[in-house]
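Structure record follows, encoded as structure tokens.
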Amino acid sequence: MKSNVIELRHALRNLIGATANARTNKALQAREVAYAAYRNSFSEEERDRVVKLAQSHQQSAPVGHFLHDEDPITTYEDALRIFGNSLIVEALGEAA
Numbered sequence: 076m077k078s079n080v081i082e083l084r085h086a087l088r089n090l091i092g093a094t095a096n097a098r099t100n101k102a103l104q105a106r107e108v109a110y111a112a113y114r115n116s117f118s119e120e121e122r123d124r125v126v127k128l129a130q131s132h133q134q135s136a137p138v139g140h141f142l143h144d145e146d147p148i149t150t151y152e153d154a155l156r157i158f159g160n161s162l163i164v165e166a167l168g169e170a171a
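Per our numbering, the sequence shown starts with residue 76, numbered consecutively.
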């Protein structure tokens, strides 16, 4: 089951990448749906790992870094808003 989820995530990431430069409404809609499905495919434990990594980055940011101007990261949505999908990949590796 877990391998099926990982395969689905990789397929969604490929779709997101393939539509990165597309400008048609259908392609943009497909990209939005793929992003939503990808970001919602993670378990609570996986989301917690993403949040913990985001909090670690925020706390260890050097003085004057933009992260110090942000409110404290407390939710998965906060982490994604600030860091985007790259943080998911960093936190979860191949499972992302």
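For glycine and all other residues, C-beta sits at the position ideal for the given N, C-alpha and C.
- In the three-state reduction of the DSSP assignment, residue 115 falls in the coil class.
- Between the alpha carbons of residue 145 and residue 159 lies a distance of about 15 Å.
- Residue environment: residue 93 is assigned as exposed (fewer than 16 neighbouring CB atoms within 10 Å of its CB, all protein chains considered).
- Judged by beta-carbon spacing, residue 129 lies within the 8 Å limit of residue 154, meaning their Cβ atoms are closer than that value.
- With distances taken between CA atoms, residue 109 lies nearest to 83 out of 118, 166 and 83.
- In the three-state DSSP reduction, residue 123 falls in the helix class (H, G or I).
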